[in-house]
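Please read the structure below before turning to the comments.
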Amino acid sequence: DAPPLKKKDTYKVGFAQTESNNPWRLAQTASMQEEAKKRGWQLVYTDAASSAAKQVADVNSMIAQGVDLIFLAPREEKPLIPAIKAAKNAGIPVILLDRNVDASLAKPGEDYVTFIGSNFIEEGQRVADWLVKNANGKTTIIELEGTTGSSPANDRKKGFDDVIAKNPDFKIVASQTGDFARDKGRQVAETLLQAHPDANVVYAHNDEMAMGAISAIEAAGKVPGKDILVLSIDGGKEAVQAVVDGKIAAVVECNPRFGPKAFDTAIAYAAGEKIPDKIINPDQFYDASNAKELLSTAY
Amino acid sequence: MTRPRLISLLGSYGVVLALLLLVLFGWARYDYFLGFFNITSVLRYNSMFALVALGMCFVIMTGGIDLSVGSTAALGSVVAALASPQGAWIGLGAGVGAGLCVGLINAILVTRLKIMPFVATLAMMLAASGTALLLADNQSVSVSYESGFTSIGQDNFLGFPIPAWIAIMAYVVGWIVVNFTSTGRGVLAVGGNEDATRLMGLPADRIKFLVYLASGGLAGLAGVILASQFGAGQPIEGVGWELFAIAAVVVGGTLLTGGVGSVGATLAGVLLLGILFNVLNFENGKGWISLSAYWQSVIRGLFLLVVVILQAKLSSRGSVAVRDY
Amino acid sequence: MRSELAFEMNTNSLLSMTGIDKRFAGIPALAGASFAVGRGEVHALIGQNGAGKSTLIKVLTGYYKRDAGEVVFDGKPFEVSSPQQAQASGISTIYQEINLVPYRSITENICLGREARRYGLLDWKRMHQEAEALLQRFNVRADVRRPLMEFNTATQQMVAIARAIGFSAKLVIMDEPTSSLDEREVAVLFNVIRQLKQEGVSVVFVSHKLDELYEVCDRVTIMRDGRTVKTAAMNEIDKIGLVSAMLGRAIERAEGHATAFSDRDEKKIGKVLLSAENLAINQIVQDVSFNVRSGEIAGFAGLLGAGRTETARLVFGIDRPRAGTMIFNGQTFDPHKPSDAIAAGMGFCTEDRKSEGIVPDMSVAENMMLALMPKLSKSGVIDDKAQRDIVERFIRQLGIKCSGPDQKVRELSGGNQQKVLLGRWLAMNPRLLILDEPTRGIDVGAKGEIQALIKTLADQGLAVLMISSELEEVIEGADRVFVLREGISVAEFDRDEATEDAVMSAMAHGSAPTIAEAAP
Amino acid sequence: MTDTARQQLISRPFDPFDFMARYGTLIALALLILFNFAFTRNFATMQTLNVNLTQVCTIVIVAIGMTLVIATGGIDLSVGSLMAISGALAPMIFLGKIVPIDNVALAVAAAMIIAVGVAGLFGLFNGWLIARFRIQPIVATLVLFIAGRGIAQVLTNGNLQTFRVPQFQWIGLGRLFGIPVQVVLMVLLVIAAAWMLKRTVFGRQIIAIGGNERAAELSGIAVSRVKLVVYTISGLCAGIAGLVVIAINSSSDANLVGMGMELDAIAAVAVGGTLLSGGKATIIGTLLGAMTIQLVRYTLLANGVPDAAALVVKAGIIVLAVWIQQQGRRA
Ligand SMILES: Nc1ncnc2c1ncn2[C@@H]1O[C@H](COP(=O)(O)OP(=O)(O)OP(=O)(O)O)[C@@H](O)[C@H]1O
Ligand SMILES: Nc1ncnc2c1ncn2[C@@H]1O[C@H](COP(=O)(O)OP(=O)(O)OP(=O)(O)O)[C@@H](O)[C@H]1O
Ligand SMILES: O[C@@H]1[C@@H](O)[C@H](O)OC[C@H]1O
Ligand SMILES: [Mg+2]
Ligand SMILES: [Mg+2]
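Residue numbers (this note's numbering), protein chains in the order written: chain A, 27 to 325; chain B, 363 to 687; chain C, 12 to 531; chain D, 47 to 377.
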């Protein structure tokens with residue numbers, strides 16, 4: 027079984043972040059830090075700078091410092107397993123945030139307490155499902171992938187592409203990485219729109235690239251939302267505003283505000299409550315029908 | 363000992379001094395810093411960088427540079443992971459072999475096609491990374507847990523992490539090669555004055571060839587440890603390793619223009635920079651700088667600045683240290 | 012026909028090269044050159060700057076690939092593609108530009124390529140001993156563990172020679188080994204050459220100092236414009252004969268003078284321009300005082316390491332003295348960097364042309380204009396026309412052999428590079444010109460021209476501080492000679508007092524009378 | 047006719063290697079364009095030109111500074127981080143986060159000048175480390191490579207800054223005589239730098255230092271000062287490029303602006319035919335080099351080459367381009 031957590035007034039917990047190079051990650055970190063401050067817990071924060079290996083080393087340094095519990099946002103499914111095992115051996119419970127680890131190598135309730143987060147594959151599916159229903163004849167798709175090799179990129183592609191494959195009317199004419207970044211997303215979109223003038227849907231794996239794609243569409247003299255549908259994932263405020271403005275057609279939320287739920291889960295675990303294996307965030311889906319009223323609640 | 367001699371010694375061992383100071387600082391400031399767990403995990407992790415930096419040190423001593431080490435390690439890890447079901451040794455051989463292949467291409471580009479090392483290895487940095495992604499299908503590749511492959515990275519020998527043993531052995535061999543073999547002296551000579559070395563009748567091209575090959579092989583070995591330590595071949599790992607290695611080598615007093623270098627000081631450089639990350643993590647536990655992760659890079663930059671200025675001041679006063687045995 | 016000839020040469024010669032062609036970017040450096048060296052023979056190879064001597068040698072050792080021709084060495088056709096192979100086949104070479112590794116120790120520079128081993132590993136102790144022993148043959152005592160760059164040019168040259176001798180070779184090639192040696196060292200070198208000869212080793216000896224050749228050489232081959240124009244026994248040809256063969260025309264030369272510094276008009280010498288008192292920096296320069304007047308050529312004589320170069324560096328602001336004062340043009344002079352000295356009106360032509368002189372990838376014109384450039388510009392923009400005129404004038408005046416002002420300096424022969432550097436400083440029109448070994452590596456013809464030029468400039472009011480290891484150059488050229496010994500200025504001679512004997516004995520034993528008196 | 051003039055008249059035979067070295071990058075570029083005409087859909091359009099030119103601008107601007115630095119025998123790894131700093135500072139100023147400025151034009155002007163100026167100062171700092179302490183350039187600039195981005199992140203606390211300020215965004219989105227402003231800016235900078243390198247004393251000094259630093263110093267060149275200026279110019283260029291990037295994107299992200307730019311710029315310089323060992327430089331070459339790399343990127347994307355494979359192809363093309371260059375030099 028996963029190591030227990032003693033009941034105490036206050037804890038020293040670790041939060042091993044993956045990277046800090048995009049607004050989503052920043053929001054997640056901020057949420058964790060705020061929550062720790064609110065509850066008066068000591069937070070040992072590390073940033074793995076996009077390296078799974080460094081993240082393992084980070085977790086090890088938390089173990090060395092003797093934290094009570096570790097919140098881990100694993101960069102990848104497989105390479106973080108040794109970190110989870112090391113924590114378990116040291117008697118420190120681990121709660122996974124936002125990305126999961128390989129289920130065949132580590133089990134919830136046994137090697138770690140639980141996974142709190144979204145399902146990236148499902149996010150891709152939800153976008154695709156929406157498109158299939160609301161395409162209105164727009165069926166030629168350009169896909170802007172996240173950072174090559176990263177799990178949200180792989181999963182969001184898989185979820186989306188699988189649904190599209192079942193609908194022969196739709197065609198993905200180009201799928202290239204935009205590195206989850208606005209500038210790169212824009213440049214890639216500019217090129218792909220030029221090479222595929224018939225494209226009328228852009229599916230971006232995150233908001234940043236979607237915003238870049240909108241610039242590219244406008245620079246090419248087309249109207250986002252009218253000539254070309256833009257679809258995205260994350261659902262930050264800027265993107266939801268774009269939905270309100272009609273520039274983004276639809277966006278699946280992937281809420282980075284993990285703080286409250288993560289800390290509540292830790293307390294519940296210390297209290298001996300039964301924690302489910304997976305706690306899936308109820309993520310919003312924004313489109314023209316609801317964006318305006320939900321704008322204020324977007325992160 | 364005369365003063366200039368002392369200063370020149372400090373110049374070459376300044377990095378050792380800095381390392382001692384940093385360790386002392388950590389020991390005084392943090393609980394558990396010198397605990398067994400922390401020491402072994404720092405060594406286990408940094409052994410990869412140590413191997414890569416050793417190869418880099420040799421390349422730099424010839425006046426070259428190898429930017430491809432990071433992606434070569436990534437490629438090595440993927441290949442090793444793919445081969446690991448066949449057995450631990452086969453996985454190891456495959457990973458090192460992949461590294462040697464990249465090293466071989468680097469060597470050919472530099473010595474045969476006469477392409478500047480910076481450009482040649484920059485290109486190979488892209489190519490190795492692309493190949494790793496292609497082989498791995500853009501994802502991490504699980505290693506075999508049955509074949510014993512994971513022992514290489516995760517187990518201990520005589521209470522000490524196996525990767526650390528591997529790194530130490532590599533450094534001992536490297537030290538002997540530099541100081542007690544003609545090839546090693548040739549490495550320094552080529553870096554000191556390639557044209558002269560050629561005219562002196564030394565096989566300059568063969569020496570450079572070997573050096574890039576070695577760097578590739580060591581990066582491949584680091585890749586094997588990466589795969590085995592973390593249980594997966596990781597095509598997108600290794601970003602920035604080359605800069606870490608270059609920094610470690612230079613902090614160790616090796617001249618980037620070649621001709622002067624020290625294997626031992628490179629190891630000290632690796633530990634210095636590696637332990638700095640560890641210290642920063644411990645400092646975060648104190649709650650002072652955890653408010654903003656960004657201060658970490660600022661602090662790391664400043665630290666590098668201080669060490670490098672110190673190095674420069676020390677070594678400009680003493681003359682270049684040449685070892686006399 | 013041809014093969015017959017080759018066969019004939021095979022039997023009695025160690026090396027024969029025939030019909031050698033070598034072109035650089037289409038321009039021939041060697042055109043049908045031939046060269047033969049007998050066994051146990053010391054063979055001189057001479058010719059004007061750019062005649063192709065160094066190229067011929069580099070073709071032989073495989074550094075350059077020849078375009079045509081045949082080489083037979085030790086009775087077998089000789090095809091090597093690298094100096095390494097040449098060395099392995101028994102040809103050991105000292106190249107013209109000292110080609111060693113400055114960061115590495117003397118031992119390494121001597122032993123690289125034939126290291127002593129023990130249990131498969133390097134045996135440093137033995138290597139140090141070997142290096143020391145080899146240097147001892149040349150009367151050089153130095154800490155062989157120190158990096159080579161800490162030693163002066165002459166010592167480095169000796170190391171290069173020791174290295175080449177250290178290989179048991181059949182043929183030792185020396186491309187201008189004596190240009191940075193003083194007479195004492197040259198004598199030592201010649202002893203070693205004689206020893207080699209006795210051991211049956213052949214030596215090829217390149218030098219512009221024609222007198223030297225008669226001391227050791229058996230035969231001489233003369234090159235001109237990439238061809239070999241004459242081979243003769245040394246005792247069958249006199250100096251005039253050598254020179255006219257080199258230049259390709261008959262010459263009549265005023266006897267009695269070895270240099271072109273014909274009698275100077277002393278009336279043209281003006282007031283003291285630079286005076287230095289008690290300069291000191293470290294062991295190399297401990298106490299040096301001297302002065303130079305406008306229109307005067309002041310010479311520095313001294314043995315190797317006497318501190319002449321180092322003194323010049325102090326004057327030019329490259330290094331800063333620890334003690335002492337300088338007055339230039341009536342004002343206290345304390346340069347912090349070379350540009351201070353240049354601004355004050357000085358020029359400095361260094362002795363180490365490769366590492367301190369030329370910018371190899373720049374053109375002849377750019378190299379020559381490097382110091383003058385700021386003056387020839389309008390608000391920072393280069394005046395190309397004006398520069399071109401000056402450059403072309405100097406190319407003509409100095410007789411620089413190049414394809415034009417735009418040729419890269421690295422492609423010029425050693426002597427011509429030296430002329431470009433002289434041009435750099437002459438173009439500045441300085442008030443004081445420091446010349447450190449100004450005619451090193453320059454052929455007899457050009458040497459005379461350069462010496463005459465220095466004289467003309469001095470006649471026009473230029474003050475010249477000339478350092479030269481060629482005693483006759485100092486004695487005949489200088490109006491006054493300062494002798495330095497172990498970092499101390501020990502003697503000063505006027506033109507008529509400066510006899511060879513007097514100067515030499517001061518160089519060897521002079522003590523500092525002035526200092527001794529001044530000391531409390 | 048003088049001797050030398052006569053020798054010059056003796057025409058050299060046509061040397062294909064020399065020709066390749068001289069025009070290698072141009073040939074590579076021409077081949078790429080031909081390939082695209084044949085195989086890439088929708089290539090022969092103004093918009094394609096537009097996309098490529100606007101995308102290559104920032105690399106070229108940074109690579110100009112990099113060319114100068116490399117010509118002195120140095121290298122500047124900090125350019126990407128300096129872009130981030132300038133990109134972080136400018137919006138803080140014109141959005142009035144530091145001190146509120148009412149007049150938009152004034153605020154934008156101040157933002158541009160200060161942001162670029164600060165990047166220049168950091169460049170100066172690089173130069174200072176290199177000239178004063180003789181620290182090897184790759185390490186000296188590694189300091190700001192690491193710390194510089196951190197500084198930009200600390201300034202903004204890592205947050206994305208978004209804005210709509212047309213007066214500022216003019217440099218990224220505006221047009222002058224129908225040509226994108228950034229392209230005009232790039233062309234001006236290229237011309238200025240190329241002219242400077244060829245025709246001015248300063249340009250000559252840069253090359254001399256790269257060719258033989260000691261000889262340059264002994265010829266009276268103020269080596270330290272030249273280096274200070276060169277690294278400052280590199281910083282300024284990076285600062286300008288930072289502004290262009292954020293202007294196009296209507297947002298500034300300290301975490302990502304300029305990421306990886308150092309390698310792109312160095313690759314452009316190398317492909318353009320400038321020796322990385324210094325002592326030689328061609329700004330026009332750098333422009334062509336950057337365009338080649340840009341066009342390779344465009345070609346691979348437009349033809350749907352998978353990203354992983356694209357990396358391998360890109361590597362091959364860089365090697366090929368540099369190899370062609372090198373041919374002439376060896377002969
Ligand atoms: N690498 C090169 N590229 C182009 N031209 C060259 C090169 N090396 C030599 N040359 C040319 O070949 C000719 C012969 O040069 P070489 O160095 O053999 O002369 P040298 O007889 O040794 O002269 P010196 O007495 O000045 O040393 C010269 O005209 C020189 O400019
Ligand atoms: N121990 C040393 N460390 C560093 N440099 C040295 C050392 N000894 C000599 N040198 C260098 O060697 C050069 C020659 O020195 P010096 O002025 O004593 O010789 P010199 O009288 O000009 O004789 P020559 O030029 O004929 O060899 C100088 O440039 C000096 O800096
Ligand atoms: O979109 C997000 C991406 O930007 C981040 O890197 O990982 C989590 C994702 O949801
Ligand atoms: Mg010569
Ligand atoms: Mg001297």
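For each residue, glycine too, the CB sits at the ideal point set by N, CA and C.
According to the neighbour-count rule (16 or more other Cβ atoms, all chains shown, within 10 Å of its Cβ), is residue i buried or exposed?
| i | result |
| --- | --- |
| B/Ser624 | buried |
| B/Pro525 | buried |
| A/Trp156 | buried |
| C/His347 | exposed |
| C/Glu377 | buried |
| A/Thr174 | buried |
| C/Thr467 | exposed |
Is there a Cβ from chain D that is less than 9 Å from the Cβ of residue i?
| i | result |
| --- | --- |
| B/Leu625 | Note that residue 625 of chain B corresponds to Val in the displayed sequence, not to Leu. It does not: the Cβ of B/Val625 has no partner Cβ on chain D nearer than 9 Å. |
| B/Leu617 | yes |
| B/Thr493 | yes |
| C/Ala42 | no |
| A/Gln54 | no |
Under the DSSP definition of a beta bridge, which residues are partnered with residue i?
| i | result |
| --- | --- |
| C/Thr343 | C/Ile338 |
| B/Asp567 | Partner(s): none; B/Asp567 has no beta bridge. |
| C/Cys360 | C/Leu446 |
| A/Thr140 | A/Ile121 |
Quick check on residue i - is its C-beta less than 9 Å from some C-beta in chain B?
| i | result |
| --- | --- |
| C/Thr166 | no |
| C/Gly267 | Unreliable placement is indicated for C/Gly267, whose pLDDT of 49 sits below 50; no coordinate value is reported for it. |
| C/Ala519 | no |
Measure from the C-beta of residue i to each C-beta in chain A and report whether the shortest distance is under 9 Å.
| i | result |
| --- | --- |
| D/Arg343 | yes |
| D/Met232 | no |
| D/Arg210 | no |
| D/Leu347 | yes |
| D/Gly350 | yes |
Of all the CB atoms in chain C, is at least one closer than 9 Å to the CB of residue i?
| i | result |
| --- | --- |
| D/Val368 | no |
Can you give me, in chain order, the residues of the stretch 579–606 of chain B that have a beta carbon less than 7 Å from any beta carbon in chain A?
-> Leu588, Gln591, Phe592, Gly593, Ala594, Gln596, Pro597, Ile598, Glu599, Val601
Output, in sequence order along the chain, the residues in the stretch 375–396 of chain C whose CB is closer than 7 Å to any CB in chain D.
-> Glu377, Leu381, Ala382, Met384, Pro385, Ser388, Gly391, Val392, Ile393
Check each residue of the stretch 277–297 of chain D: if its Cβ is closer than 8 Å to any Cβ of chain A, include it; give the result in chain order.
-> Val291, Ile294, Asn295, Ser296, Ser297
Contact set between the stretch 475–492 of chain B and chain D, restricted to residues whose Cβ is under 9 Å from the partner = Leu475, Lys476, Ile477, Met478, Pro479, Phe480, Val481, Ala482, Leu484, Ala485, Met486, Met487, Leu488, Ala489, Ala490, Ser491, Gly492
Pull out every residue of the stretch 561–575 of chain B whose Cβ sits closer than 7 Å to any Cβ of chain A, in chain order.
-> none
Near-chain A residues of the stretch 66–94 of chain D (beta-carbon distance less than 7 Å), N- to C-terminal order | Thr86, Arg87, Asn88, Gln93, Thr94
For the stretch 489–513 of chain C, which residues have a CB atom closer than 8 Å to at least one CB atom of chain B, in sequence order?
-> none
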